[in-house]
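Residue numbers (the working numbering): 2 to 193. From the three backbone atoms N, C-alpha and C, an ideal C-beta is built for every residue, glycine too. So the structure is just underneath, and the comments pick up after that.
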């Protein structure tokens, strides 16, 4: 992820040089403009390759963690006593194996954002301050206003997700009860 910060900075520097070249009072030769454009293209290609490799690696790590968690929950569910089985439903165990394990997989994709995002924002603000001066403060203000809005939306989304999970679990429990009732009645009719 460190390379993400480096390539973003390189892209910003190349864009700065290109904008200076395109300015009305530029006296640089034409080939400088082509060089800046090629530099921006090269940085974008390298950045794409590095990002894809990063996401591939993080996805594989996340899938490994998910597989380990699912097998651990499954192994534990097979060793539950009958009293413990009465306390937890099949839906809860299934949710542990699917939803909660998937959260760890998704976490691996975003874990490096915790340290790289503040660093990227700091570098971008520094570079923009050099180009735009105090006008950058408007962008910082918008960024600071959006943080609580994003937190609010994330909390509401989490509440809705929990409600959805509870509804899904109750539906699964009812469905299992109906199937168990049909199995009992089917077994009873076969014995008669």
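Quiz item: Rounded to whole angstroms, how far is the Cβ of residue 100 from the Cβ of residue 166, which I believe are closer than 8 Å?
Solution: 7 Å
Quiz item: Comparing alpha-carbon positions, which option in 15, 21, 57 lies nearest residue 37?
Solution: 15
Self-check item: Simplified DSSP assignment, three categories, for residue 33
Solution: helix
Quiz item: Grouping DSSP H, G and I as helix and E and B as strand, with all else coil, what is residue 70?
Solution: helix
Quiz item: Start and end of the alpha helix (DSSP H) containing residue 83?
Solution: 83-88
Exercise. Ignoring anything shorter than 3 residues or poking outside the segment 102-151, list the beta strand (DSSP E) runs there in chain order.
Key: none
Exercise. Please work out which residues of its chain come closer than 6 Å, Cβ to Cβ, to residue 11, disregarding the five sequence neighbours upstream and downstream, and give them in chain order.
Key: 44
Practice problem: Flag this pair as yes or no: are the beta carbons of residue 42 and residue 34 separated by less than 8 Å? | Solution: no
Self-check item: CB-CB length for residue 88 against residue 170, believed under 8 Å
Solution: Residue 88 to residue 170, Cβ: 14 Å. No contact.
Quiz prompt | Nearest residue (CA-CA) to residue 172, options 96, 149, 157, 109 | solution = When only C-alpha atoms are compared, the closest one is 96.
Practice problem: Please state whether DSSP places residue 158 in a helix, a strand or coil. | Solution: helix
Quiz item: Looking at the structure shown, is residue 65 part of a helix, part of a strand, or coil, going by DSSP?
Solution: Residue state, collapsed to three classes: helix.
Quiz item: So, residue 63 versus residue 110, is the Cβ gap smaller than 8 Å?
Solution: yes
Practice problem: With DSSP collapsed to three states, give me the class of residue 26. | Solution: coil
Quiz prompt | Own chain residues within Cβ distance below 7 Å of residue 105, not counting five before or after | solution = Within the same chain, residue 105 has close Cβ partners 63, 66, 67, 70.
Self-check item: Residue nearest to residue 98 in terms of C-alpha spacing, selected from 54, 74, 55, 85
Solution: 74
Exercise. Determine the contact status of residue 129 and residue 137, defining contact as a CB-CB distance below 8 Å.
Key: yes
Practice problem: May I have the straight-line CA-CA distance separating residue 108 from residue 155, to the nearest angstrom? | Solution: 15 Å
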